[in-house]
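Working notes for the structure below.
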Amino acid sequence: MPDRHLRPSSGWVEVICGSMFSGKTEELLRRLRRAAIARQKVQLFKPAIDNRYGVTTVASHDGAKWEGEVINHAAEIMEKLEPDTIIVAIDEVQFFDDEIVDVCDQLALKGKRVIVAGLDTDFRGEPFGPMPALMAKAESVRKLHAICMVCGGEASRTQRLIDGEAAFYEDPVVLIGAAESYEARCRGCHQVPHRQESTT
Ligand SMILES: [Zn+2]
Numbered sequence: 087m088p089d090r091h092l093r094p095s096s097g098w099v100e101v102i103c104g105s106m107f108s109g110k111t112e113e114l115l116r117r118l119r120r121a122a123i124a125r126q127k128v129q130l131f132k133p134a135i136d137n138r139y140g141v142t143t144v145a146s147h148d149g150a151k152w153e154g155e156v157i158n159h160a161a162e163i164m165e166k167l168e169p170d171t172i173i174v175a176i177d178e179v180q181f182f183d184d185e186i187v188d189v190c191d192q193l194a195l196k197g198k199r200v201i202v203a204g205l206d207t208d209f210r211g212e213p214f215g216p217m218p219a220l221m222a223k224a225e226s227v228r229k230l231h232a233i234c235m236v237c238g239g240e241a242s243r244t245q246r247l248i249d250g251e252a253a254f255y256e257d258p259v260v261l262i263g264a265a266e267s268y269e270a271r272c273r274g275c276h277q278v279p280h281r282q283e284s285t286t
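Numbering-wise (the working numbering), the sequence shown opens with residue 87 and increments by one.
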């Protein structure tokens, strides 16, 4: 039986989550900057759906930037992984399908430090895609909060507005021709008309 102390050290998974405007990308980039100072090689990925700041740059609202690779499927991370990479970072991770959970597991087993950032809930206030599974399996979860734009409290939800009014529960994710915007809100100020409220 091999000496347990000689086994390669395993990696781990860190999740950074919260509503829009809670500083998730800023926190992700802060961790990457610290790693860069220690000369640890980082690979940063993001899904193709988000091209707000150009296809290869991840930018936070505070202006920080980091070069990243845009991918369509979670499995591409394993294909693009370079042997000397220490840290694998993923921004907007909520847009990947459940395959991302296995990919993060595999990376951690290979000894990588995996840092993912994403929205924990969608505009309806419901768990977003693979986030529940990622949060359950991660070694570390950090929930960030924004400030509620209605009452000034701690915001944990993303309010979707269509032409200035709260979006209905059943509104499609993409609405052609409507002026859409988002606000950070607390539980009490978050409005989802037509949502079935739990009575328990
Ligand atoms: Zn509020």
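Note that CB positions come from ideal geometry on N, CA and C, so glycine has one too.
By the CB criterion at 8 angstroms, H231 and S95 fall outside the cutoff. Setting aside the 5 residues that flank it on each side, L114 is surrounded in the same chain by I102, A175, D177, I201 and A203, each with a C-beta closer than 7 angstroms to its C-beta; the list follows chain order.
Note on C237: under 16 other CB atoms within 10 angstroms of its CB, so exposed under the neighbour-count rule. The DSSP assignment places 162 to 166 and 185 to 195 as complete runs of the alpha helix (DSSP H) inside the region 134 to 218, in order along the chain (cut-off: 4 residues). Separation of the CB atoms of S146 and A241 is rounded to 17 angstroms, and the pair is thereby denied contact status at 8 angstroms. For G211, the Cβ stays outside the 7 angstroms cut-off from all heavy atoms of ligand 1. Excluding five sequence positions before and after A224, the CB atoms of its chain that fall closer than 7 angstroms to its own CB belong to V99, E100 and V101, given in chain order. DSSP places R246 inside the beta strand (DSSP E), whose first and last residues are R243 to I248. At least one heavy atom of ligand 1 is found less than 7 angstroms from the C-beta of C237. Of T111, A160, E269 and I173, the smallest CA-CA separation from G149 is found for T111. Contact between D184 and A222 does not hold, since their C-beta atoms are separated by about 12 angstroms, which reaches or exceeds 8 angstroms.
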